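If you number the sequence shown the way our numbering does, the last residue is 902 and the count never jumps. To start, the structure under review is shown below, and the notes come after it.
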Amino acid sequence: MRLCSIASGSSGNCIYVGSEATHLLVDVGISGKKAEAGLNSLGLTGRDLDGILVTHEHMDHVAGLGVMARKYDVPIYATPGTLEEIQKMGNLGKIDPELFREVKPMKISHDAAQPVGYRIAYGNKKVGICTDLGVYNDYTVECLKGMDALLVEANHDVKMLQVGPYPYYLKQRILGERGHLSNENSGKLLCRILHDKLQAIVLGHLSKENNLPELAYEAVRMEITMGENPYRAEDFRMMVADRSNVSPVINIA
């Protein structure tokens with residue numbers, strides 16, 4: 650099983666998860682051309698895709714969805730509320746309704762119609778992908794326990810956001826319960842789901858204006874090492890997903 654971030658950030662998100670038998674994208678919030686190039690770097694093309702899983706309808710998660718769906722006739726999996734919103738979006742172009750498949754994955758808190766994270770299993774291996782959540786709770790923790798690899802949000806540094814250029818209402822949205830997870834809260838969430846067999850952690854969906862890869866990495870490391878859990882950060886492979894470039898592939902043994 651493989652996990653790879655093709656792009657992950659406030660300007661566009663696209664994650665590959667696959668095996669020898671099945672190839673999936675989670676979101677296509679980048680251009681179809683860029684998504685195709687990302688697949689090519691993995692030795693794949695859009696024709697190899699078995700499905701696109703959509704977390705929610707915001708443009709940084711669906712910008713290239715229409716292009717990929719029309720070009721490759723690839724099924725689109727999402728919640729009923731998300732599919733309804735996608736069909737209203739004229740800027741995605743016409744998408745054949747026959748491609749839509751309703752799913753009910755793990756719920757998250759975000760200001761979208763019916764946003765979700767995904768848990769993907771192949772054999773006895775499991776990957777969790779969870780970004781765009783303003784808060785987490787016991788339900789979130791239970792959903793993400795036992796994963797072999799995790800891609801979780803570390804969207805912003807709170808101090809950078811507070812003193813940054815965003816207008817007040819946008820700062821409040823990001824900091825709110827339906828906004829985005831800070832670096833520190835990402836680390837606190839991870840403290841509750843770490844386990845001996847976790848092979849890799851990817852920090853994703855970093856804000857271009859309100860975070861830095863080094864800040865996210867060190868803040869999460871600090872929370873893990875100093876948190877109420879039996880682990881230290883160096884016990885796990887951890888990386889930050891690049892905002893606009895394909896990240897190293899994680900092979901889950």
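Each residue gets a CB set at the ideal place from its N, CA and C atoms; glycine is no exception. All of these numbers come straight from a predicted model, not from anything done at the bench.
{"Check": "Boundaries (first-last residue) of the alpha helix (DSSP H) holding K775", "Outcome": "First-last for K775: 774-779, but that is the beta strand (DSSP E), not the alpha helix (DSSP H)."}
{"Check": "Proximity below 8 Å, CB of Y665 to CB of L691", "Outcome": "yes"}
{"Check": "Outcome for D806 when other beta-carbon atoms lying within 10 angstroms are tallied against a minimum of 16", "Outcome": "buried"}
{"Check": "Residue from G836, M708, Y726, Y815 with nearest C-alpha to L673", "Outcome": "Y726"}
{"Check": "Own chain residues within Cβ distance below 6 Å of I899, not counting five before or after", "Outcome": "L652, A798, A849"}
{"Check": "For I655: DSSP bridge partner residues", "Outcome": "Answer by DSSP bridge pairing: none, since I655 is not bridged."}
{"Check": "Segment contact, 8 Å Cβ cut-off, at least three pairs: the stretch 738-746 with the stretch 756-775", "Outcome": "no"}
{"Check": "Rounded C-alpha distance that separates G667 from R768", "Outcome": "12 Å"}
{"Check": "First through last residue of the beta strand (DSSP E) which encompasses H672", "Outcome": "672-675"}
{"Check": "Continuous beta strand (DSSP E) assignments of at least 3 residues falling wholly in the stretch 700-751", "Outcome": "700-702, 725-727, 749-751"}
{"Check": "Given V869 as reference, the closest of S758, S831, D722 once Cα atoms are compared", "Outcome": "S831"}
{"Check": "Selected residue, minimal CA-CA separation from N804, among K837, H854, D745", "Outcome": "H854"}
{"Check": "Three-state secondary structure (DSSP) of V895", "Outcome": "coil"}
{"Check": "Beta strand (DSSP E) segments (min. 3 residues) lying fully within the stretch 775-828", "Outcome": "798-802"}
{"Check": "Beta-carbon separation (whole angstroms), M717 vs G687, contact threshold 8 Å", "Outcome": "The Cβ separation is near 11 Å, so there is no contact."}
{"Check": "A670 classed as buried or exposed, judged by whether at least 16 other C-beta atoms fall within 10 angstroms", "Outcome": "exposed"}
{"Check": "Pairwise C-alpha distance: I655 and K683", "Outcome": "9 Å"}
{"Check": "Spatially closest choice to L903 from G713, K756, L852, by CA coordinates", "Outcome": "Outside the shown range of the chain (650 to 902) lies residue 903, about which nothing can therefore be said."}
{"Check": "Counterpart residues of R768 in DSSP-defined beta bridges", "Outcome": "G777"}
{"Check": "Under the three-state DSSP convention, the category M875 falls into", "Outcome": "helix"}
{"Check": "At least 3 beta-carbon pairs within less than 8 Å: the stretch 831-842 vs the stretch 889-899", "Outcome": "no"}
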